[in-house]
Amino acid sequence: MSLNYFELFGLEPIFNIELAALESNFRKIQSESHPDRFVTAPAAEKLSAMQQATLANEAYLSLKNPANRAKYLLELQGITAISETNTAMPTDFLMQQMEWREATEDAISAKDISALDSLLAEIQVEAKTLQESLTSLLDVQKDYAAATDATRKLIFIDKVSEDINRAIEQIDI
Amino acid sequence: MALLQISEPGMSAAPHQHKLAVGIDLGTTNSLVATVKSGMATVLQDEHGHALLPSVVRYMPEGEVVVGHDAQAQQSADPVNTIASAKRFMGRSLKDIADRAHIPYNFVDSSDSTKLLQIQTRAGLKTPVEISAEILKTLKARAEKSLGGDLIGVVITVPAYFDDAQRQATKDAARLAGLNVLRLLNEPTAAAVAYGLDNAAEGTFVIYDLGGGTFDVSILKLTKGVFEVLATNGDSALGGDDFDHRIYCWVLDRIRESTSDFNPLSENDTRLLLTKARQAKEWLTDNHEAQIVCRLSNGMLVDVTLSSTQFVEFTQQLVIKTLAPTRKAMRDAELTLDDIKGVVLVGGATRMPQVRHAVEEYFKQTPLTNLDPDKVVALGAAIQANALVGNRSEDDLLLLDVTPLSLGLETMGGLVERIIPRNSTLPVARAQDFTTYKDGQTAMSIQVVQGERELVADCRSLARFELRGIPPMAAGAARIRVTFQVDADGLLSVSAREQTNGVEAHVVVKPSYGLSEDEITHMLKSSFGSAEADKVARMLAEARVSAGAIINSVTLALAVDSHLISEQEKQVIETEIQNLQTVSQAEDAVAINKAVDALNHATEAFAAARMNASVSHALSGKNLDSINL
Chain W
1 MSLNYFELFG
11 LEPIFNIELA
21 ALESNFRKIQ
31 SESHPDRFVT
41 APAAEKLSAM
51 QQATLANEAY
61 LSLKNPANRA
71 KYLLELQGIT
81 AISETNTAMP
91 TDFLMQQMEW
101 REATEDAISA
111 KDISALDSLL
121 AEIQVEAKTL
131 QESLTSLLDV
141 QKDYAAATDA
151 TRKLIFIDKV
161 SEDINRAIEQ
171 IDI
Chain R
174 MALLQISEPG
184 MSAAPHQHKL
194 AVGIDLGTTN
204 SLVATVKSGM
214 ATVLQDEHGH
224 ALLPSVVRYM
234 PEGEVVVGHD
244 AQAQQSADPV
254 NTIASAKRFM
264 GRSLKDIADR
274 AHIPYNFVDS
284 SDSTKLLQIQ
294 TRAGLKTPVE
304 ISAEILKTLK
314 ARAEKSLGGD
324 LIGVVITVPA
334 YFDDAQRQAT
344 KDAARLAGLN
354 VLRLLNEPTA
364 AAVAYGLDNA
374 AEGTFVIYDL
384 GGGTFDVSIL
394 KLTKGVFEVL
404 ATNGDSALGG
414 DDFDHRIYCW
424 VLDRIRESTS
434 DFNPLSENDT
444 RLLLTKARQA
454 KEWLTDNHEA
464 QIVCRLSNGM
474 LVDVTLSSTQ
484 FVEFTQQLVI
494 KTLAPTRKAM
504 RDAELTLDDI
514 KGVVLVGGAT
524 RMPQVRHAVE
534 EYFKQTPLTN
544 LDPDKVVALG
554 AAIQANALVG
564 NRSEDDLLLL
574 DVTPLSLGLE
584 TMGGLVERII
594 PRNSTLPVAR
604 AQDFTTYKDG
614 QTAMSIQVVQ
624 GERELVADCR
634 SLARFELRGI
644 PPMAAGAARI
654 RVTFQVDADG
664 LLSVSAREQT
674 NGVEAHVVVK
684 PSYGLSEDEI
694 THMLKSSFGS
704 AEADKVARML
714 AEARVSAGAI
724 INSVTLALAV
734 DSHLISEQEK
744 QVIETEIQNL
754 QTVSQAEDAV
764 AINKAVDALN
774 HATEAFAAAR
784 MNASVSHALS
794 GKNLDSINL
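These protein sequence lines are chains W and R, in that order. First residue of the first sequence? That's 1 in our numbering, and the numbers climb one at a time after it. First residue of the second sequence? That's 174 in our numbering, and the numbers climb one at a time after it.
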């Protein structure tokens, strides 16, 4: 029996999910399946608890993060958002990315954490806009081609944010 | 007088009987054991009324081992045979110890720099694992005496920031002490449990835990008995000991100023001054100045006065060092200061006023100190131990902890490919595909590392293993899937599999930094002495107990849930039960364990089906609730 992640948490397979319901159903599943509940149980039950809890963690992570959730919804449609053969990005987005990267480099050389923080905030605004358009593209219009482009942008944005956070960590000692 | 009930050998205890389980805080400076008695978590005391057991072990000339206050009292007189703060050396090699010149022990140099460090004592070479096992044995004896029975299991706390090698070493020490480890629990999480349950707290809390030798900071979200760790960070080589050490260095400087002929201190004098430094630190918590007076072995009198202002000044860097991990944890949790409902201080070193001020200043709120910072970790561990063995009737305590450090492996050019990022909720499994670099390559060396840096050389190497027998193919054609799995104790296992022909390699990460299975078996043998017969009897008894337990639990499960499987599957399970019952009558422990394994194997699909049923039941239960509203 293989449930998809939405089915596992008893949720509609949409982008604009109710995060509170995801969270509370995740806790319910962990309450049943966490290895702590099976410390004195036979090995077979321990094993299935470990597998179920691991799956629940993985599924939760995939649905909680918007970029991962969009990517997963597309996968359910048989679409791979990021693949080796599909890397084209619109020029304006690439320009935008290069600007962020340059600003990041500058802030790193100046060891300017607050500049990096405001860059993060700026990028988050862009991410929010993309998430709103994904709600309409995936849940209403079901325009999977456009949704794929938006998802890829969101994934790239997550990557830039992650790199900025790592940079802050290197500076902040 | 109440009569004690004794169950028939081989029968499992009645379900309502309280099972003896304890929590142990194995600390750098002090260790404690606690349990839950009639619903209340309590620290167990020794016969003199001491709750804290100093984590000091002394090897005596007659072969006796003394642990605790008596050992601590002899530290200055017998420094090389009296080992304190062994926790700092757990899972470490000699090259990891930065300040060994100031540690008065005879460390043994090994040609192999990755080998675990050892200390030469009059009782022979001792590893930190063996030294810690002595502390655990003492606490085990204290608990069994106080509770009047054998312990079913223990929860042992470790710093959240302990890496895999340090966790494995802690588990090894417990095994040497004859303890059944139910779970390794992160210290800040334990503290959060004790604090949260006590105060019925809800919301996001920070646990700032500065112990004798380690610093942890964890951010937890508390919701109706669920303790979810959002992020953790720290420094596994920073603690109260470092403050002592700064005082010690300051005193040395004063001595150097006052005399022209000053020779390096003897081991006894070093230990004496370190003890005086610790006392001065504690004194300065409530006083403005501390006088440090002692006579060195060469007759020189040391008499200096340290003001709290001076102390704060020369330890400022240490305090600042705790704030970087704190900021990192806040970033990882994606929180701002406004999101934090409370900051709980844990660990004896948080008694220092400068530490409290720094925390207060950073979080812009007064930290919570209403629980004894020395005891809160042990109390939390006791609550968790009680819940794990099923004594807790309300089914509402759940800890969701995370892995503190990223796990990855080495790729071309000495770069780290991260497989599991830090702060992933446990248990977690992740797989990644790799390929060959050369045409016809038939083997691949896989190095597993832990840490946040980009270069393998800057991370801690956990293990190296080889996958052989890859069919010769063009470079880049093979598909090797490497799977990392971290269990609820935070311990890692890694397996690698070539996808086209299924060649497999598997390691539980242990070899390069842990004790080998052989070493543990050898230590266990020597600690049991020559009583080989005892050992055989013990193994048989243990095998029969686990046989009884699994027969019981599978029979119960079949009675309730046999509709989840086919009649045929049910028959297979019943056959295995009968087989196990038959084998249990005989005296062969190995055969019993084999039959237990067979029954376990036969019930795997059944267990998975029950798990699915219980999960969907839990979710549908929620829907009913919302309809009723």
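Quick reminder that beta carbons are idealized off the backbone N, C-alpha and C, glycines included.
Check, Outcome
"State whether the stretch 416–429 of chain R contacts the stretch 218–233 of chain R, with contact taken as three or more CB pairs (one from each stretch) at a distance under 8 Å.", "no"
"Does the beta-carbon of residue 397 of chain R have 16 or more other beta-carbons within 10 angstroms, so that it is buried, or is it exposed?", "exposed"
"From which residue to which residue does the alpha helix (DSSP H) around residue 203 of chain R run?", "Residue 203 of chain R -> not in any alpha helix (DSSP H); beta strand (DSSP E) instead, spanning 203–210."
"Figure out for me which residue from R/358, R/599, R/441 has the closest Cα to the Cα of residue 198 of chain R.", "R/358"
"Leaving out the 5 sequence neighbours to the left and right, which residues in its chain are closer than 7 Å to residue 859 of chain R when beta-carbon positions are compared?", "Because chain R here runs from 174 to 802, residue 859 of chain R falls outside it and cannot be looked at."
"Could you check if residue 110 of chain W is buried or exposed, using at least 16 other CB atoms within 10 Å of its CB as the buried criterion?", "exposed"
"Assuming residue 282 of chain R and residue 298 of chain R make a contact with CB atoms under 8 Å, what is their CB distance in whole Å?", "12 Å between Cβ atoms; not a contact."
"Taking 9 Å as the threshold (beta carbon to beta carbon), is residue 773 of chain R in contact with chain W?", "yes"
"Among the residues of its own chain, which have a CB less than 7 Å from the CB of residue 776 of chain R, if the five just before and after it don't count?", "727, 746"
"At the level of alpha carbons, what is the spacing between residue 51 of chain W and residue 719 of chain R?", "23 Å"
"Would you mind sorting residue 203 of chain W into buried or exposed? The rule is 16 or more other CB atoms within 10 Å of its CB.", "For residue 203 of chain W there is no data in the structure shown, the boundaries of chain W being 1 and 173."
"Which of helix, strand or coil does DSSP assign to residue 164 of chain W?", "helix"
"Shortest alpha-carbon distance to residue 721 of chain R belongs to which of R/417, R/730, R/733, R/754?", "R/754"
"Over what stretch of residues does the beta strand (DSSP E) that includes residue 152 of chain R continue unbroken?", "An answer regarding residue 152 of chain R cannot be provided, because it is not within the stretch 174 to 802 covered by chain R."
"For residue 37 of chain W, which residues in the same chain have their Cβ closer than 8 Å to its Cβ, ignoring the five residues on either side in sequence?", "31, 49"
"Using a Cβ-Cβ cutoff of less than 6 Å, which residues in the same chain neighbour residue 353 of chain R once the five nearest sequence positions on both sides are dropped?", "326"
"Hey, quick one: how far does the beta strand (DSSP E) through residue 218 of chain R stretch, first residue to last?", "Counting along the chain, residue 218 of chain R falls outside any beta strand (DSSP E), and DSSP gives it neither H nor E."
"Answer with buried or exposed for residue 323 of chain R, where buried requires no fewer than 16 other C-beta atoms within 10 angstroms of its C-beta.", "exposed"
"From the beta carbon of residue 356 of chain R, is the nearest beta carbon of chain B less than 9 Å away?", "Absent from the structure is chain B; the protein chains it does hold are W and R."
"Any C-beta of chain W sitting closer than 9 Å to the C-beta of residue 792 of chain R?", "yes"
"With 9 Å as the threshold, decide whether the Cβ of residue 126 of chain W is near any Cβ in chain R.", "no"
"Please name the residues in the stretch 63–84 of chain W whose beta-carbon is closer than 7 Å to at least one beta-carbon of chain R, in chain order.", "none"
"Would you verify that the beta carbon of residue 779 of chain R is, or is not, closer than 9 Å to some beta carbon of chain W?", "yes"
"Going along chain R in order, which residues have a C-beta closer than 7 Å to the C-beta of residue 131 of chain W?", "In chain order: nothing, as chain R lies at least about 15 Å away."
"Looking at residue 4 of chain W: is its Cβ nearer than 9 Å to the Cβ of residue 119 of chain W?", "no"
"Please tell me whether residue 111 of chain W has its Cβ less than 9 Å away from any Cβ of chain R.", "no"
"Is residue 6 of chain W close to chain R? Criterion is C-beta to C-beta, closer than 9 Å.", "no"
"At what residue ranges does the stretch 87–120 of chain W contain a whole run of the alpha helix (DSSP H), taking only runs of 4 or more?", "91–109"
"Taking only the alpha-carbon atoms, compute the straight-line gap between residue 660 of chain R and residue 603 of chain R and give it to the nearest angstrom.", "12 Å"
"Taking only beta-carbon positions, decide if residue 372 of chain R is within less than 9 Å of chain W.", "no"
"So, with DSSP's three-state summary, where would you put residue 276 of chain R?", "coil"
"Residue 365 of chain R and residue 400 of chain R - do their beta-carbons sit closer together than 9 Å?", "yes"
"Given that residue 501 of chain R touches chain W, what residues does it touch there, using C-beta distances under 8 Å?", "169, 172"
"Looking at residue 663 of chain R and residue 838 of chain R, is the spacing between their C-beta atoms short of 9 Å?", "With chain R covering 174 to 802 only, the question about residue 838 of chain R has no answer from this structure."
"With a threshold of 9 Å between beta carbons, is residue 429 of chain R in contact with chain W?", "no"
"Secondary structure at residue 193 of chain R, three-state DSSP: helix, strand or coil?", "coil"
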